[in-house]
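So the first sequence is residues 1041 to 1947, counted in this note's numbering. Have a look at the structure below, then the notes.
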Amino acid sequence: MSDTTVAPLMPKAYEAQAVEEELYAWWENNGYFKPEKQEELGQVDPTKKSFVISMPPPNVTGALHLGHAITNSVEDLLTRYHRMVGHPSLWVPGTDHAGIATQNVVERALERQGRTRKEMGREAFISEVWDWKDEYLGRITAQQKRMGNSCDWSRERFTLDDGLSNAVIETFINLYNEGLIYRANYLVNWCPRCTSAISDLEVEYEEVLGKFYTFRYTIKEGGFVEVSTTRPETILGDSAVAVHPDDERYQHLIGKTALVPILNREIAIIGDAYVDPAFGTGALKVTPGHDPNDYEIGKRHNLPMINIMNRDATLNAEAGPYAHLDRFDARAKLWADMEAAGLVVRVEERVHQVGHCQRCHTIVEPLLSEQWWVKTQPLAEPAIEAVRSGEIQIIPQRFERVYYNWMENIRDWCISRQLWWGHRIPIWYGPDGKTFAAHNSNEAQDQATAHYGKAVNLEQDPDVLDTWFSSGLWPFSTLGWPEQTEDLAKYYPTTVLETGYDIIFFWVARMIMLGLKCTGEVPFRYVYLHGLVRDEQGRKMSKSLGNALDPLDLIAEYGSDALRFSLLTGGTPGNDMKLSIQRIEGNRNFANKIWNAARFVIMNLQTRELVLAEDADRFNISYQLPAPDELSLPDRWILSRFQTVQNESTRLIETWQLGEAGRQLYEFLWNEYCDWYIEAAKVRLYEGTPAEAAATCQVLAYVLENSLRLLHPYMPYVTETIWQNLPDLQVDGRALIISRWPHANTLDDPQADEAFERIQEVVRAIRNVRSEYAVEPGRRIAASFSAGEHFNLIEGELPLLASLTRLDLTQVTIAPDLGPPDKSVTLATAGITIYLPLAGLVDLEAERIRLQKEIDNIVKQLNRIEGLLGNPGFVAKAPPEVIDREQAKQEELRTRHQQLLERLTTL
RNA sequence: GGGCGAAUAGCUCAGUUGGUUAGAGCACCUCGCUUACACCGAGGGGGUCAGGGGUUCGAGUCCCUUUUCGCCCACCA
């Protein structure tokens, strides 16, 4: 068979880059990603439960990173698997407008052009961001397609689409009308750079080495009290000094008056049990306007809530001489002034937690402001119950505890953002400040007119909603909710939500709360959490570290299949993974290995007539297996092994052990199909009768074709490309992607497993000796087999043995019982003794040592088993099959022991 | 201050109802351009499964404990 027969179609090495994009377009154009098409073709069963995933929407202006790559790999695997199993399968793609993140990106770009959003004005700015969105959407979509995502692009959504915006407004109004959304003036986390409130979750605390300032509060009635702070500028907003009511050191001060440094404002000294006498000086400065704990104290004691800061963290008029200074400049200046005034006690270094803005890393300031909040506790209760009852299952399960812990201690959610990019809060204010929640200004106007009895001027709230408010509706808003669409009826609740464990609170928890609230149903049945992808040193990948690998670069170099297989098999759910180039390279090699195995099979098929399976239908067409009596031992073995792998990989995928299933497929294909079966098949292919060769071809093709199905969800491109090159399958636009998952069969053949394993053992033993004795690879050698009860097996498989170990068939003897020829090496495998008369190579002394080593090893094992079987507890309590196995093992070892001992004595 | 995870071969990791002599890939050593593949093949070396205790006939796997690393949550000035 010349290589050129195949070469035009199948080059010697698999070239991912040459096939992937075209193949993706072909799948997509054929509509295979759409459940309607799957049903129309009859490939899936419309009466079966749909399999649905909502893709976590990436930020529209972001670039895809490996976090997306792992998300996409897992979701595509699940979608492809379920489609093959026959469930109508829908994977809904889309993007997120990503409020703060996107606004920041665009603001920075404008800055570089010397423009600012303030001078542009709201409308112009938003229109600019939409332009960005249009540009970047195409880019991110192209990236997702490059990864091979078999999602239904006709259902692609964007969180600011009309339909989704309507879902947001509807939800807001409903919650507002139920009293679950309210407006309140509280201390919020304020980012002075974003000039917006952010939620608790959007604050990232970092340990920093800061300063701990201790100073004196002068007491009006005489004396002073020492207090400490990490933020001296907040002294300007103090409304009290607090001590513990039982603190003997300070009890006498309660009720007296202290003077704020520099400002000389008079404040009360109060007693409050919150103060820890053991911490610091035991006296606490109370700043209700700039510290959450102090805020609570302030409420308890009716203290003035003084706000000393503007929205950009410069100080305001309350700060007196420090007005207009930035917070940190004010800190330095105030402290210097206090030092001059003799109020400073000491400054120490101290490690403490400082909150930073998740999006721009600016230090967050607790600030009093009027914001909109979601009352979360009533939403959290059913959300907890949904997981507790098992209606929603989290994988891996340990994250349920994380979920409960957060949900049970949940605090109200600040949802208003002082931004322009996002869903504007559907609230209009009347002249007297009365609020009207409405879908649009006309509706608000109607409400207002009815309320006031006349038309009035209304003003819409200028703020927008937290991005996560809209993504919290994603599983159902993308399906048309609040409209009762066909999609909603058919595909909701979705099946599985797949994402990284780092956004359980941001997203997963909120979807469950809002899903239950809005639709009365859980948004999904399963939550599958993958780990974070890290670099080779285990660091988080980030642009600033410069260690971020771009998935598109990796795909360009190694192919999409290699990347996704690495991500899928590189770890276990919920655990982080260090991704190394070497692993991707290894998996690129795996794709190439399968490719070449396929080339071999196809070359051999081309000159022969292949028989297709009789019971085949359009989605389940494959090759017919030969009749059982035409099967050789290797045939029976590989079919049996395939059966096991088919069962195992199915079981593993069904139990979410996706990586393990992939690893088993890898081992099966490489180590068993390629390394053993193909090599064994060559014997019958080249030396067998035409009928034997034909039967071998059928088995080669059958196992390959079915293995491609199993592997397809893991490596869609190479498997489909090979499949399209298999003879006689491609009619009617058939495709592997819509083929059926191999069904359970009855190919298990324990006898074949055992017999072939015996052959493998013999082959390995002979190869080992050849290698150890440095027999030239090409040299054919003589051998004698004392085969005992395995006489028939060895005689029957002699051509195979000879081929795999290069025996000279004219110099092979087999008998049930044979003595050793002169000067030969002895190998004892289970029940078979092999003598290799390696003329001129055998050193008797070396052979004795080798045999003794082998014997020692066997004795060690025998001792272990004898100890086990001699233990009454073991015999009484171990399951019978375990005992049987040990006994069989013992018997084999004894035989081998005997064989080797005999040989040693005759040597 | 709580909680979670990790600790298995030089490196990266598997090992899911406790049961053969604990596996893979990469790296390493020795051979080999054998008509699918050098992105390959054959052979080989390498592990007291972090330490200690316990349960069990039997523990990498279950329980307790210690150590080291990582992460999450939490209002300590």
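Glycine is no exception: its CB is placed at the ideal position from the N, C-alpha and C atoms. Please read all numbers here as calculations on a predicted model, not as lab measurements.
Relative to the C-alpha of residue i, which candidate in the options has its C-alpha closest?
i       : options                            : result
TRP1413 : LEU1227, GLY1626, ASP1278          : LEU1227
ASP1616 : LEU1299, PRO1436, LYS1077          : PRO1436
ARG1233 : ILE1543, GLN1143, TYR1121          : GLN1143
PRO1767 : TYR1566, TYR1663, GLN1892          : TYR1663
PRO1328 : MET1349, VAL1567, GLY1611          : MET1349
MET1643 : ILE1718, MET1551, GLU1068, MET1160 : ILE1718
VAL1092 : LEU1150, ARG1464, PHE1516          : PHE1516
GLN1485 : ARG1457, ARG1157, TRP1468, GLU1076 : TRP1468
HIS1570 : GLN1500, GLU1576, GLN1697, ARG1691 : GLN1697
GLU1835 : ILE1872, VAL1865, ARG1820, ALA1734 : ILE1872
ALA1741 : PHE1659, VAL1723, SER1429, PHE1640 : PHE1640
ASN1189 : GLU1388, GLN1927, ALA1109          : ALA1109
LYS1325 : ASN1347, ASN1342, VAL1300, THR1647 : VAL1300
GLY1262 : ALA1298, GLN1291, LEU1303, ALA1058 : ALA1298
LEU1603 : THR1612, ASN1587, ARG1623          : ARG1623
LEU1666 : VAL1739, SER1606, VAL1809, PRO1674 : Contrary to the premise, residue 1666 reads as Pro rather than Leu in this sequence. Of the listed residues, the one whose Cα sits closest to PRO1666 is VAL1739.
ASN1832 : PRO1285, ILE1799, LEU1063, PRO1613 : ILE1799
PRO1502 : GLN1411, ARG1438, LYS1074          : GLN1411
Under three-state DSSP, which class holds residue i?
i       : result
TRP1170 : helix
MET1617 : strand
GLN1500 : strand
GLU1576 : coil
LEU1884 : helix
ASP1772 : coil
MET1345 : coil
ARG1289 : coil
ARG1628 : helix
THR1044 : Here THR1044 scores only 37 on pLDDT, less than 50, and its place in the model is too uncertain to base an answer on.
Residue j and residue i - do their beta-carbons sit closer together than 8 Å?
i       : j       : result
VAL1404 : VAL1248 : no
LEU1104 : PRO1533 : no
TRP1508 : TRP1547 : yes
GLU1273 : ALA1323 : no
ALA1478 : GLN1487 : yes
ILE1990 : GLU1727 : With the chain represented from 1041 up to 1947, any question about residue 1990 goes unanswered, as that position is not in the structure.
ARG1010 : TRP1716 : Only positions 1041 to 1947 of the chain appear in the structure, and residue 1010 is not among them; the question remains open.
ALA1207 : TRP1521 : yes
TRP1635 : TYR1054 : yes
PRO1466 : ILE1213 : yes
LEU1901 : LEU1933 : The question names Leu, but residue 1901 in the sequence shown is Gln. Yes; because the gap between Cβ atoms is below 8 Å, this pair is in contact.
LEU983  : GLN1927 : Because residue 983 is not part of the residues shown, which for the chain are 1041 to 1947, the question remains open.
THR1211 : LEU1554 : yes
TYR1121 : ILE1552 : no
VAL1685 : SER1843 : no
LEU1407 : GLY1360 : no
LEU1117 : LEU1709 : no
LEU988  : PHE1476 : Outside the displayed range of the chain (1041 to 1947) lies residue 988, so it cannot be described from this structure.
SER1779 : ASN1660 : yes
GLY1134 : THR1518 : yes
For the ligand GTP, any of its heavy atoms closer than 7 Å to the Cβ of residue i?
i       : result
ALA1667 : Summarising the ligand content, the structure contains no ligands, and the ligand GTP is consequently not present.
According to DSSP, which residues form a beta bridge with residue i?
i       : result
LEU1608 : Bridge partners of LEU1608: none, in fact.
ASP1366 : THR1354
GLN1433 : TYR1566
ALA1855 : SER1826
TRP1453 : VAL1414
VAL1267 : PHE1255
HIS1392 : VAL1248
PRO1406 : ASN1229
THR1475 : TYR1469
ILE1310 : ALA1282
TYR1222 : TRP1413
ARG1798 : ARG1798 is not bridged to any residue.
Check: Taking only runs of the beta strand (DSSP E) that begin and end inside the stretch 1078 to 1158, which ones reach a length of at least 3 residues, in chain order?
Finding: DSSP runs (the beta strand (DSSP E)) wholly in the stretch 1078 to 1158: 1091 to 1094, 1129 to 1132.
Next item on the list: Quick one: which unbroken alpha helix (DSSP H) runs of 4-plus residues sit fully inside the stretch 1535 to 1565? Chain order, please.
Entry: Runs of the alpha helix (DSSP H) inside the stretch 1535 to 1565: 1550 to 1559.
Next item on the list: Write down every uninterrupted run of the alpha helix (DSSP H) in the stretch 1749 to 1793 whose length is 4 residues or greater and which is fully enclosed by it, in chain order.
Entry: Counting only runs that start and end inside the stretch 1749 to 1793, the alpha helix (DSSP H) elements of at least 4 residues fall at 1756 to 1765.
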